[in-house]
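Enquirer: Just dropping this structure here.
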Amino acid sequence: MTEANGARSRFYDNMRVAGPGDIVLSYADGRVGRIGIVADFAISSPKPEEFGLVGTYWSSVGWLLPVQWLKAPLAVRPKLLIARLAPVLPPKHSPIQPTTGNGNQKAYLAEVGRAVIDLIFEAAKFTFADIFVTPIKTVSDFAETLDDLVERNIREDKSLDRTVREQLTRARRGQGLFRKRVLDIEPVCRITGIEKPNLLIASHVKPWRACSTAAERLDGFNGLMLAPQADFLFDRGLIGFEDDGRPLFSSQLAETDAAKLGLRTIERPLQRPFPNESGAYFQHHRSTVYIP
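So this is what it looks like as structure tokens:
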């Protein structure tokens, strides 16, 4: 992700660094008001409708970091703690200015150390035991909510023919016209080598929810036929592909888990490049879905 001038933003990049179990502190109006827990790695997502015209210069597709917020509100003012906070704030990309205690206006998602969390918790009379009593939603819960919103908009879009609306909603689940088109281009799972269609899932490369047009959602070049476990990993960004067909495995996919899934011992089909028409879709997956 980049800023309006095209420069890289560490605060945006942190969305891809945050991982399951990380603690998030919400800072606004001079106080830390809420505590959240990262449920999973960031997922590709369209800009929320609630933003309206805010951020019109932002890309229409970005990342959503699934965070489960605790109900208990806080009222911790870092400015009152600045003498103790300043020495443990990060020297660069800090959310709080160490000299004044004011918030950094450019800070979107800043990375801080355990010492900062401990000070805030101490001031709030909060403990780590208080956090992990709440069941954590999975990334699938967040993704399904987003998909439901997109599907609702499609069903209500009267500018689309009824048949097109039906095909678009079926494509969300890898069915209908989309599946047929993907099978014509990619009939074999590139991870497992499985060829039987009834054992394969038609998976979008650029996620269904992130597609900006009906054509992208139904484009066979925006798809892969994958075995169920490969589809799950691909959707979660734990595997990806280079344009030449070489598979990529995320650093977040533990070797032990990969071995149990058979990914290290499986005999893969002969590697071959993807069609040129698929290039932009795989670029999107590598930059916004795949976790290096």
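So that you can map any letter, position 141 of the sequence shown is 1504 in the numbering used here, and since no number is skipped, the others follow by simple counting. Note that beta-carbon positions come from the ideal geometry of N, C-alpha and C, so glycine has one too. Just so we're clear, the structure is a prediction, and the values are computed from it rather than from any experiment.
(1) CB-CB under 8 angstroms to G1556, same chain, minus the five flanking residues each way: which ones, in chain order?
(2) Once DSSP output is grouped into helix, strand and coil, what is the label at Q1468?
(3) To the nearest angstrom, how far is the alpha carbon of A1486 from that of L1596?
(4) Are the CB atoms of F1404 and Y1471 within a distance shorter than 7 angstroms?
(5) Is S1534 helix, strand or coil by DSSP?
(6) Is H1567 helix, strand or coil by DSSP?
(7) Candidates K1623, N1639, W1571 and A1643: which alpha carbon is nearest P1409's?
(8) Assuming R1609 is part of the beta strand (DSSP E), what are its boundary residues?
(9) Tell me the DSSP secondary structure of Q1431 in three-state form.
(10) Given a cut-off of 7 angstroms on the beta-carbon distance, is the pair W1432 and G1396 in contact?
(11) For the alpha helix (DSSP H) containing L1633, list its first residue and its last residue.
Expert: Straight from the coordinates:
(1) Closer than 8 angstroms at Cβ, skipping near neighbours: I1629, E1630, R1631 and P1632.
(2) In the displayed model, Q1468 falls within coil according to three-state DSSP, outside both helix and strand.
(3) Take the alpha-carbon of A1486 and the one of L1596: they are about 40 angstroms apart.
(4) no
(5) Looking at the sequence itself, residue 1534 is Ala, so the reference to Ser does not match. Helix at A1534.
(6) strand
(7) W1571
(8) First-last for R1609: undefined, no H or E at that position.
(9) strand
(10) Contact flag unset, no.
(11) Neither: L1633 is in no alpha helix (DSSP H) and is coded neither H nor E.
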